[in-house]
Each structure stands twice: as C-alpha cells, then as structure tokens.
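Number 279 in this note's numbering belongs to position 279 of the sequence shown; there are no gaps in the numbering.
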Amino acid sequence: MTKKTIFSICGILIFLVFFILSGCQPKKETIAEKEAIPVKTIRVEFQTIKDTIDYAGDIKARDEAKVYPKVSGKIIKKVLDEGSSVKKGDVIVYIDRDEVGFKFEKAPVESPLTGTIGRVYVDLGTSVTVQTPVALVVDMDEVRVDLDIPEEYLPRISLGQLAEISLRAYPDEKFTGVVSKVSPVLDLETRTAPIEIIISNSDHRLKSGMFVQVQLILEERKNAAVIPKEAITGKEQQAYVYVVEGNAAHQKIIKTGVRQGAYFEVVDGLKEGDMVVVMGQQQLYEGALVSIGQ
C-alpha cells in the first residue's frame with residue numbers, strides 16, 4: 001500500500017469521526033424554544049353577567065307639592081322651618097289678611113301632604129298673594145328618577161324591572177330601583193318614552209337633586225362563562241379565541257351572548273377553567289407553541 005493511499009484513508013477516517021462527533025453534540029436551543037410565542041392568558045370563570053342600558057339622572061321626591069296661600073296678606077308667623085317633619089293639614093305659616101272689610105284674623109297656610117318641609121320661600125313680613133309659593137313639601141320615604149327610553153328598548157322594559165343606582169355621594173354603595181311607570185306614548189320628536197324608577201329611602205339618605213348613574217337591567221345571566229372583549233378575534237358570527245393546552249394554542253370557535261361593558265358571556269365553545277389568550281393572539285395559529293407570561 002502506497003503512502004498516498006494511506007494518507008487518503010486516514011483523511012477519510014478523520015472526516016467521519018469529526019462528522020459523527022459533531023452530530024452528537026447537544027444543540028444550544030431547541031426549535032420549540034425558538035418558535036414559542038409569548039402570550040398572556042386568563043382562566044375562564046363562571047359568574048353573573050347583566051345586559052344593561054346606562055343613563056344619568058337626578059333624584060326627585062316621589063311626591064312633592066308647592067304650597068300656596070288661599071288669601072293675600074303678610075306673613076306674621078312661621079310655624080315650621082326647612083327640614084321639619086309635617087303631616088297633612090299641619091300649619092306652616094300664618095298670614096295677616098289685608099282684605100278690606102275683614103277684621104284681623106290669622107289665616108293658616110296648611111301642608112297638602114305628609115312629609116318634610118323642603119323649602120320655605122318667605123320670611124316674616126313678606127307680602128304674599130294666592131300666586132306666591134310659600135313652601136315646598138316633599139315625601140322622601142321613596143324617591144324617583146325619571147328617564148326617557150328610546151323606542152328600540154321599550155319592548156324590553158316592564159313594570160317591576162330592576163335598576164342599579166350609583167351616586168357620587170355614596171361611591172362604595174349601590175341602591176336598587178324598580179320601574180314603576182312606563183308611558184304608553186312616545187315623544188314624536190325624540191322617539192322616546194318616559195319611565196319612572198322608584199328607590200326606597202326610609203333613612204332619607206338620598207336627597208332631592210342628587211346626581212345618579214342608572215343601570216337598567218334588561219337581562220341577567222347567572223353561572224355564565226365570561227371573558228374580556230380583547231380575547232375575542234373575528235366577527236360576531238365567526239368569533240373565536242385561542243385556548244392554551246400544555247404549551248400549544250388551539251383555536252376555539254365560540255358563540256357570545258350577553259355583553260356587560262368590556263365583558264362577554266360565552267354560551268358555547270368554552271368550559272370553566274380554560275386558559276384563554278388575552279394578549280399576543282394576533283401572532284397565533286392552530287397548534288402554535290406558546291410561553292405564558294406573567
């Protein structure tokens with residue numbers, strides 16, 4: 001065997017050994033690690049969700065009346081002040097009649113209903129006529145909020161329907177109101193119908209004139225699968241989400257129901273505990289490898 005042949009054989013052997021050894025070396029990073037798409041997820045929970053329409057309004061006493069004198073004259077005595085409780089027929093002020101031919105006799109101005117004196121508009125010595133308001137009497141055991149409802153919602157409004165009431169004065173509380181009146185007639189210009197919502201107020205914490213936010217509950221679903229809007233991709237008729245199982249994302253077609261703010265009820269396509277992607281889904285595809293971030 002010639003030297004040239006020996007060198008050739010040795011070169012081939014060295015190449016084979018190098019090839020085999022290089023193939024056995026561990027890779028620095030796996031394909032899975034290279035392709036993993038970072039995402040954030042939420043776990044599907046069952047909870048109550050409500051379909052509502054939201055309004056702003058003002059509180060008014062359910063019953064209130066301005067009180068007018070029956071005769072002209074001057075106020076000579078104030079019996080009750082603002083904030084005083086009053087019963088129907090109680091005297092609020094007395095008037096000195098100034099009509100010619102009548103001898104002096106105090107004329108009483110009486111309350112037309114039971115409640116509270118909300119305002120007294122006159123002082124001692126004030127001259128009044130039968131057109132002069134003397135006081136405002138309010139019954140605050142119940143208060144009301146008046147709203148104008150667009151015609152498209154009217155088929156879903158009924159007597160006894162509940163409303164959630166929020167006030168700036170009590171930011172950590174919610175009050176419950178009930179629809180007590182629904183007008184059968186719409187305003188021809190606005191195409192709206194007035195409704196009245198009554199709120200119990202036995203402790204008189206709610207004051208006439210307070211600003212309120214009203215959520216009129218059209219529909220309520222309990223034990224519903226609820227997810228945020230940002231998890232949903234596609235249009236309403238072809239909506240889908242990505243659910244993470246293991247380290248892979250799978251596309252799930254869903255059917256949505258009631259919406260409350262930024263959250264949707266899912267009536268089909270998800271189960272409790274599913275891990276739904278809420279961030280990063282724009283890069284996903286069926287079976288995509290993912291890494292879940294905090």
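By construction, the Cβ of each residue, glycine as well, lies at the ideal position given by its N, Cα and C atoms.
* Asked: Identify the residues that DSSP records as bridge partners of Pro228: which are they?
  -> For Pro228, which the question treats as bridged, DSSP gives the partners Tyr263.
* Buried/exposed call for Gln281, threshold 16 Cβ in 10 Å -> Gln281 is classed as buried because its beta carbon has at least 16 other beta carbons within 10 Å across all chains shown.
* What are the boundary residues of the beta strand (DSSP E) that Val178 is part of? -> Where Val178 is concerned, the enclosing beta strand (DSSP E) stretches over Tyr170 to Val182.
* From which residue to which residue does the beta strand (DSSP E) around Glu164 run? -> Where Glu164 is concerned, the enclosing beta strand (DSSP E) stretches over Leu162 to Leu167.
* Would DSSP call Lys28 helix, strand or coil? -> For Lys28, the predicted structure reports a pLDDT of 46, less than 50, and the residue's modelled location is therefore unreliable. A value from the coordinates is still provided. Reduced to three states, the DSSP call for Lys28 is coil.
* Asked: Alpha carbon to alpha carbon, how far is Val290 from Pro194?
  -> Cα-Cα distance, rounded: 53 angstroms.
* Measure from the C-beta of Ala107 to each C-beta in chain D and report whether the shortest distance is under 9 angstroms. => The chain inventory of the structure shown lacks chain D, comprising one protein chain alone.
* Proximity to Ile117 [Cα-Cα], best of Ser127, Pro171, Leu270 and Ala135 -> Across the set Ser127, Pro171, Leu270 and Ala135, the C-alpha of Ala135 shows the shortest separation from the C-alpha of Ile117.
* To do: Please work out which residues of its chain come closer than 7 angstroms, Cβ to Cβ, to Pro150, disregarding the five sequence neighbours upstream and downstream, and give them in chain order.
  => Counting only Cβ-Cβ distances below 7 angstroms, and skipping sequence neighbours, we find Arg191 and Thr192.
* What residue from Asp96, Lys88 and Gln47 has the CA that sits closest to Ala107's CA? -> Closest option to Ala107, Cα to Cα, is Asp96.
* What is the DSSP secondary structure of Glu152, reduced to helix, strand or coil? -> When DSSP states are grouped into helix, strand and coil, Glu152 belongs to the helix group.
* To do: Pick helix, strand or coil for Gln282, following the three-state DSSP scheme.
  => The three-state reading of DSSP puts Gln282 in helix, counting H, G and I together.
* In terms of DSSP beta bridges, what is Lys88 paired with? -> For Lys88, DSSP assigns no beta-bridge partner whatsoever.
* **Classification of Ile253 by the beta-carbon crowding that lies within 10 angstroms, buried from 16 upward** => Under a 10 Å Cβ-count criterion, Ile253 is classified as exposed, with fewer than 16 other Cβ atoms of the shown protein chains found around its own Cβ.
* DSSP state of Glu35 mapped onto helix, strand, coil -> Secondary structure of Glu35 (DSSP, three-state): helix.
* **Three-way DSSP call (helix, strand, coil) for Gln238 in this model** => In this structure, Gln238 counts as helix in the three-state DSSP scheme.
* Could you tell me the boundaries of the beta strand (DSSP E) in which Glu196 lies? => Run containing Glu196: Thr192 to Ser200, per the beta strand (DSSP E) assignment.
* Three CB pairs or more closer than 8 angstroms across the stretch 38 to 48 and the stretch 206 to 216 -> Per the Cβ contact rule, the stretch 38 to 48 is not in contact with the stretch 206 to 216 (fewer than 3 Cβ pairs under 8 angstroms).
* Minimum C-alpha distance to Pro322 - residue among Val226, Pro184, Gly234 and Asp274 -> As displayed, the chain neither begins before 1 nor continues past 294, which places residue 322 out of reach and without an answer.
* To do: Evaluate Thr129 with the Cβ neighbour count: other Cβ atoms within 10 Å of its Cβ, from every protein chain shown; 16 or more gives buried, anything less gives exposed.
  => Answer is exposed; the Cβ neighbour count stays below 16.
* Return yes when the Cβ of Thr114 is within less than 9 angstroms of the Cβ of Ile75, no when it is not. => No. Outside cutoff.
* Asked: Just how far apart, CA to CA, sit Asp123 and Gly89?
  -> In a straight line, the C-alpha of Asp123 is about 21 angstroms away from that of Gly89.
* If we ignore side chains and look at the alpha-carbon of each, how far apart do Gly293 and His250 end up? -> Within the model, the alpha-carbon separation for Gly293 versus His250 is close to 17 angstroms.
* Rank Asp141, Lys174 and Val243 by C-alpha distance to the C-alpha of Ser200 and give the top, closest one. => Out of Asp141, Lys174 and Val243, Asp141 has the C-alpha closest to the C-alpha of Ser200.
* Label Tyr242 either buried or exposed according to how many other C-beta atoms from any shown protein chain fall within 10 Å of its C-beta, with 16 as the threshold for buried. => Answer is buried; the Cβ neighbour count reaches 16.
* To do: Check the C-beta distance from Val178 over to Ile157 and give it rounded, since I have them as a contact under 8 angstroms.
  => Contact flag wrong, Cβ pair sits at about 12 angstroms.
* When the Cα atoms are used, what is the spatial distance from Arg221 to Val71? -> The alpha-carbon atoms of Arg221 and Val71 are separated by roughly 59 angstroms.
* How close, in whole Å, do the beta carbons of Ile59 and Val143 come, if the pair is a contact with beta carbons under 8 angstroms? -> Ile59 to Val143, Cβ: 5 angstroms. Contact.
* To do: Could you tell me which residues DSSP puts in a beta bridge with Tyr55?
  => Note: Tyr55 sits in a beta bridge opposite Val214.
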